[in-house]
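Accompanying notes for the structure given below.
2 protein chains.
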Amino acid sequence: MNRRDRVIELMKAGQAKLVAAFEALDGQAKFKSHTWERPGGGGGTARVLEGGRVFERAGINTSAVYGDAVPPSLAKQHPGSKGQPFFATGLSMVLHPRNPYVPAFHANYRYFETPSPPSPSQGEGVWWFGGGADLTPPYPFEEDIIHFHRMLKALCDRHPQADYWQLKEACDRYFFIRHRQEMRGVGGIFFDELSPVGQGDWEQDFRFVQDGIDTTLPSYLPIVEKRKGTPYGERQREWQLYRRGRYVEFNLIYDRGTLFGLQTQGNSEAILMSLPPYARWEFDYRPEAGSAEATALACYQPRDWV
Amino acid sequence: MNRRDRVIELMKAGQAKLVAAFEALDGQAKFKSHTWERPGGGGGTARVLEGGRVFERAGINTSAVYGDAVPPSLAKQHPGSKGQPFFATGLSMVLHPRNPYVPAFHANYRYFETPSPPSPSQGEGVWWFGGGADLTPPYPFEEDIIHFHRMLKALCDRHPQADYWQLKEACDRYFFIRHRQEMRGVGGIFFDELSPVGQGDWEQDFRFVQDGIDTTLPSYLPIVEKRKGTPYGERQREWQLYRRGRYVEFNLIYDRGTLFGLQTQGNSEAILMSLPPYARWEFDYRPEAGSAEATALACYQPRDWV
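Respectively, the protein sequence lines represent chains A and B.
Under this note's numbering, the first residue of the first sequence is numbered 818, with each subsequent residue one higher.
Under this note's numbering, the first residue of the second sequence is numbered 818, with each subsequent residue one higher.
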């Protein structure tokens, strides 16, 4: 099987496995399937669960798209790829739990390549893997965050090319909401190019992404299991919706995947399935000093969690 | 009084008058006042009402800011202004009613200038007025939209430099949400430069903006009065929140004022007071054919309403 097909298969198998696991955990709602085609070539399958017992909204998407010419923003980073046809595939997921004590979760793994020129003397096509996983708890529990980050550190430690500290710092930077001077949540890992273009070992990077997808459930499910039954009231719900407002701000103003998708006429429903089911805004809200909400806010700054 | 001070006074008087009128109409909640300073010079006053009987959230802001150098995005449009100190002032308002049958309303009037060079032989400083008003009804009533647009047409007809059809078309274009292929609402008027820079009569443009501010209440209040008591249920509320999701998408992805404000480290609470108190998203939702919601959708395309 060629590289493209191997990555596509990895993403699709990951999607199927995750859909099954989250559906089982929810125990009430089912993931609907929504397949779309991209006018320029390729398409994807969005799997979306709404109104569940545990998850208020969950989306697990795969896509594989082909194009005649590398989009300008990417060609700028990799001048050799300018004007080349390209292939991109990805698996992305966002889970918005109902209970405010359960963190929201996001992960994304993606692969990009341009074909190899006909003769090896003309150089090689470019390829890279990107991705990451991060946690957004309205009420952060230290032990949950430590568990999550330790799982990601263990993942990185299994692969020589992945430096947890570097990937964690990239995540802290990426999910920083500049106009709020705070992070969307408590971070995780993030990488644009796992191995810099031209320097990586394809098989090694493939194995990392495979391992990353496999780390999703053990890093997140135990937290969901532990918190999903915690009683909560109006106050906790309002804070959750308020924090989801920040999630919306981040995704619509800064998230490169979202903006790139919308600019390139991607499927807007599949792209925006990352948005929460409900969100709210309140003018100049400041949690009372010493409250659980104020403690939460303090967690949305870069910190060493392992 | 110099031009700057006259515009500042106009904006502040408009704010005071509108705050009083909307507070009286609401009859329950009061506008709080929140004054902020801009590190680079100037500041503003946000007046925000939340949790009212008629308005779930309403914000009426004024700002007047000074800077050492025209921001690059503006200097690009007006090369003569590059590197010049600048002054900008504005009045902007957003009203998010509680009842889904009452449309949301937005209007904005703004003024920008760079100082005249010391000698007239070096040319003149640049100045322009911008602004507009638009209506966003979750459930559009034809007679309301016609009233609104006719008031704006009458406003334009009173001023030789304002062509309603041109300003209405600019509004249809500006509030078009490309990734949804629909408008945020039913339009109104919009202008970036009422008279093109260097071609306008300052006094004439000032009078238009004054008249525009004065048109706010007669164009919008009768609609609020007529619809605020209409009974509604869960279905109408959910549709209202869903449409507010579009409002959020527009403001965070496309609205130039919002993005400019956030990029230039403006007061994020004052900038984002335009966001609705609650909003929601639902995957791939399509209103049933023939339903009130489907009829509403059809109104979010450019149309001649007068």
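Beta carbons are placed, not taken as given, at the ideal position from N, Cα and C, and that holds for glycine.
Keep in mind that this is a model prediction, so the values were computed, not measured.
Chain-ordered, the chain A residues with CB closer than 8 Å to the CB of B:Glu1099 read Glu867, Pro1094. When secondary structure is reduced to three states using DSSP, A:Val836 falls in the helix class.
Nearest CB-CB separation between B:Leu912 and chain A: not below the 8 Å threshold. When the five nearest sequence neighbours on each side are left out, the beta carbons in the same chain lying within less than 7 Å of the beta carbon of A:Leu1092 are those of Val1065, Asn1068, in order along the chain. The criterion of a C-beta distance shorter than 8 Å is satisfied by A:Val1041 and A:Leu842.
In summary, the residues of the segment 1053-1071 of chain B whose CB is separated from some CB of chain A by less than 9 Å are Leu1058, Gly1062, Val1065, Glu1066, Asn1068, Leu1069, Ile1070, in the order they occur in the chain. Close CB contacts of B:Leu1011 within its chain, under the 8 Å cut and outside five residues either way in sequence, are with Trp945, Phe946, Gly947, Gly948, Gln978, Ala979, Gly1017, Asp1022, Phe1025, Val1026 (chain order). When the Cα atoms are used, B:His913 and A:Gln998 turn out to be separated by approximately 27 Å. Only residues of its own chain outside the window of five on either side were considered, and among them Asp843, Gly844, Gln845, Ala846, Arg915 have a CB closer than 8 Å to the CB of A:Arg870, listed in chain order. The shortest C-alpha to C-alpha distance from A:Leu972 to any of A:Pro957, A:Phe992, A:Arg990, A:Gly1005 is the one to A:Gly1005. Residue burial annotation: A:Ile1030 is buried, with at least 16 other C-beta atoms found within 10 angstroms of its C-beta. The C-beta distance from B:Tyr1095 to B:Ile994 rounds to 19 Å, too long to fall under 8 Å, and the pair is not in contact. Against chain B, the CB of A:His976 has no partner CB under 8 Å away; the residue lies outside that interface.
For B:Tyr991, the uninterrupted alpha helix (DSSP H) segment begins and ends at 981-991.
In the DSSP assignment, A:Ala1115 falls within the alpha helix (DSSP H) that extends over 1109-1116. Those residues of the segment 995-1017 of chain A placed with their C-beta closer than 7 Å to a C-beta in chain B are His996, Arg997, ordered along the chain. Between the C-alpha atoms of B:Glu1051 and B:Gly1107 there is a straight-line separation of about 19 Å. Approximately 6 Å separates the beta-carbon atoms of A:Gln832 and A:Arg864; this is inside 8 Å, confirming the contact.
A distance below 6 Å between beta-carbons, with the five flanking residues on each side excluded, links A:Ile825 to the following residues of its chain, in chain order: Ala881, Thr906. Contact residues of the segment 922-941 of chain B toward chain A are absent (C-beta to C-beta distance below 8 Å).
Between the C-alpha atoms of A:Ser933 and A:Glu941 there is a straight-line separation of about 5 Å. Nearest to B:Ala921 by C-alpha distance, out of B:Glu873, B:Ser936, B:Pro889, is B:Glu873. Contact residues of the segment 1076-1089 of chain B toward chain A are Leu1079, Ser1085, Glu1086, Leu1089 (C-beta to C-beta distance below 7 Å).
Taking the Cβ atoms as the reference, A:Ala950 lies roughly 24 Å from A:Ser1085, outside the contact range of under 8 Å. Interface annotation, A:His895: not in contact with chain B, CB-CB separation never under 8 Å. Identification of residues in the segment 846-879 of chain A having a C-beta nearer than 8 Å to some C-beta of chain B yields Lys849, His851, Ala863, Val865, Glu867, Arg874, Gly876, given in sequence order. In the structure shown, A:Glu959 adopts helical secondary structure according to DSSP, grouped into three states. At a Cβ-Cβ threshold of 8 Å, B:Arg975 and B:Val1123 do not count as neighbours.
Around the beta carbon of B:Ile963, fewer than 16 other beta carbons lie within 10 angstroms, which makes this residue exposed.
For B:Gly858, the CB contacts under 7 Å within the same chain, skipping 5 residues up- and downstream, are Val882, Tyr883, Gly884 in chain order. Beta-bridge partners assigned by DSSP to A:Glu930: A:Phe904, A:Trp944.
Here DSSP, grouped into helix, strand and coil, assigns B:Lys1043 to helix.
According to the DSSP assignment, B:Arg1063 belongs to no beta strand (DSSP E) but to the alpha helix (DSSP H) extending over 1051-1070.
B:Met1000 and A:Lys1043 have their C-alpha atoms some 44 Å from each other.
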